[in-house]
Amino acid sequence: MSEFSLIARYFQGATSTHHSTRLGIGDDCAISQLADDCQLVSCTDTLVSGRHFLPDTCPHAIAYKSVAVNLSDLAAMGATPFAILLALSLPKSAACDEFLGRFAKGLADICQQFGVELIGGDTTGNDTLTITITALGTVPANSALYRHTAKVHDIICVSGEIGSANYALSQRLAGNSPPAQLQQALDYPMPQVALGRQLLGVANSMIDISDGLGQDLGHILAASGVGARLDLHKIPTNALLGKLDHEQLWQHQLNGGDDYQLLFTLSPEKFTEFNQHSQPIYAIGEIVPTQGLQLFWHDTPVDFPIKGWQHF
C-alpha cells in the first residue's frame, strides 16, 4: 500500500469538517480561515534516522533539513512562514551536548534565515532519532496555490536543478564521497519561499518536489484531470551529473526526490512576463488534455518507468 492510498483509505474524510477549514487532506498543506483577509497554512513532516537521512549525518544538517522540507511545503502554497513546532524523539546516544548543541544551532540558523520562530513542541526518548516539524504560515485569503488547478496549455516549470540530492545519496550509499556541491543539495535543501510568494496570482498550480519529479508532477495531473508532455532534455541539471547516461540521470531526476524545488504550471503569457522580471525559472514541458505523462528527449518519445519515493 502506498502512502497516498493509505491516507485516502483510512484518513481522508474520516473526520468532521470544521467551519474554518478551507482545504484539508490532499495537498501540500491545510488551509484554515484566520480572518476575512488572511488564511493559516499548516503542514507536518517527519524525518526518521536511517529512513530520511543517514545516521552519520551532521546534527546541524539534520535540524536544518527537518525545517527546510516543511518550509518547502509552505512555499508550494505561496505561504509566508512564521512559526514551527518541534517534536523530537531522541535515543540516549543523542541526548547529549555534542549532538543537541549542533542540532539546536542548525534549527536556529534556518529559523533566523527565514524569519521563523520555534513556538513549542515535545521531546521524548526513543530507540530511533525522529524529528517531526509542524510549520505555520499565512497567505492572503483565497490566494493560495493548489495541485488541482493546472490548465491545458500551461507551461510546466521548475525552480532549479533536479537530481543532485538523489545522486549524492546514491554515492553515499555506495560508500563514495559525492562532490561537496551535491552533498550540500542533499543536506541543506533551500526552500523556495520567496519564489512561492512571487507566484501568487501568476501560477495556476504548484507542488514542491520531494518524492521525485515524475511522481510529484503526477499528483498535479491526477488532481487536475489533465496530462503532460515532459521534455527531459530541458530539465535543469548540475554539470557534475553530465557523466551519467540518460537512464541513470532520469532515475535521479524523475524518481529520486529530495530536490525541494518548486514544480508549477502557468499560462504561456504569464511565463513570458514573469521570466522577464524574476529569478530564472525553467520550462520543461506543457499540460495537455490527454491524461497521462508523455516523456520526450528532443522530440523522441521515451519509455521510462515512473516510480518515485515509496514509504511502504
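Quick note on the numbering used here: the sequence shown kicks off at 2 and runs consecutively.
Even glycine gets a Cβ: it sits at the ideal position worked out from N, Cα and C.
Since this is a predicted model, take the numbers as computed values, not measurements.
Taking the straight line between their C-alpha atoms, what separation do you get for residue i and residue j?
{"i": "TYR11", "j": "THR18", "result": "16 Å"}
{"i": "PRO237", "j": "GLN172", "result": "20 Å"}
{"i": "GLN252", "j": "GLY213", "result": "9 Å"}
{"i": "LEU187", "j": "GLU162", "result": "12 Å"}
{"i": "HIS278", "j": "GLN254", "result": "27 Å"}
{"i": "PRO269", "j": "GLY219", "result": "21 Å"}
{"i": "ALA136", "j": "LYS106", "result": "18 Å"}
{"i": "GLY1", "j": "ILE210", "result": "The requested residue 1 does not occur in the structure, where the chain is confined to residues 2 to 313."}
{"i": "THR47", "j": "ASP128", "result": "16 Å"}
{"i": "ILE285", "j": "ALA240", "result": "17 Å"}
{"i": "GLN34", "j": "PRO302", "result": "45 Å"}
{"i": "SER160", "j": "ALA36", "result": "31 Å"}
{"i": "ILE307", "j": "TYR283", "result": "21 Å"}
Round the Cβ separation of residue i and residue j to the nearest angstrom and send it over; I've been treating them as touching at under 8 Å.
{"i": "GLY79", "j": "SER144", "result": "7 Å"}
{"i": "LEU296", "j": "LEU231", "result": "5 Å"}
{"i": "VAL194", "j": "PRO82", "result": "6 Å"}
{"i": "ILE157", "j": "GLU274", "result": "Not confirmed; about 17 Å, so no contact."}
With DSSP as the reference, identify every bridge partner of residue i, one or two as the case may be.
{"i": "PRO82", "result": "GLY138"}
{"i": "PHE265", "result": "CYS158, MET207"}
{"i": "TYR283", "result": "VAL159"}
{"i": "ASP46", "result": "ILE134"}
{"i": "GLY121", "result": "LEU86"}
Which residue comes first and which comes last in the beta strand (DSSP E) that contains residue i?
{"i": "VAL303", "result": "301-303"}
{"i": "ILE221", "result": "Careful: ILE221 lies outside any beta strand (DSSP E), inside the alpha helix (DSSP H) at 214-225."}
{"i": "VAL153", "result": "From DSSP, VAL153 is part of no beta strand (DSSP E); its letter is neither H nor E."}
{"i": "ALA229", "result": "228-232"}
{"i": "ASP128", "result": "Counting along the chain, ASP128 falls outside any beta strand (DSSP E), and DSSP gives it neither H nor E."}
Taking the continuous alpha helix (DSSP H) assigned at residue i, which residues delimit it?
{"i": "ALA36", "result": "Here ALA36 belongs to no alpha helix (DSSP H); instead the beta strand (DSSP E) covers 31-36."}
{"i": "PHE104", "result": "98-115"}
{"i": "GLN199", "result": "194-199"}
{"i": "LEU296", "result": "Where LEU296 is concerned, there is no enclosing alpha helix (DSSP H), although the beta strand (DSSP E) it sits in stretches over 293-298."}
{"i": "ASN1", "result": "Because residue 1 is not part of the residues shown, which for the chain are 2 to 313, the question remains open."}
{"i": "ASN167", "result": "165-174"}
Candidates the options: which alpha carbon is nearest residue i's?
{"i": "ALA64", "options": "LYS93, ARG103, MET191, SER94", "result": "ARG103"}
{"i": "VAL117", "options": "LEU87, ASN256, GLY202", "result": "LEU87"}
{"i": "THR291", "options": "TYR189, GLY121, VAL227", "result": "VAL227"}
{"i": "GLY51", "options": "LEU264, ILE85, LEU130", "result": "LEU130"}
{"i": "LEU263", "options": "PRO141, VAL70, ALA36, PHE54", "result": "VAL70"}
{"i": "TYR261", "options": "ILE156, ALA62, ASP217, THR124", "result": "ASP217"}
{"i": "ASP57", "options": "PHE100, PHE115, CYS30, VAL159", "result": "PHE100"}
{"i": "HIS234", "options": "ASP246, ALA224, ALA223, SER225", "result": "ASP246"}
{"i": "LYS271", "options": "SER206, LYS66, ILE111", "result": "SER206"}
{"i": "GLY197", "options": "ASP74, ILE157, VAL68, VAL49", "result": "ASP74"}
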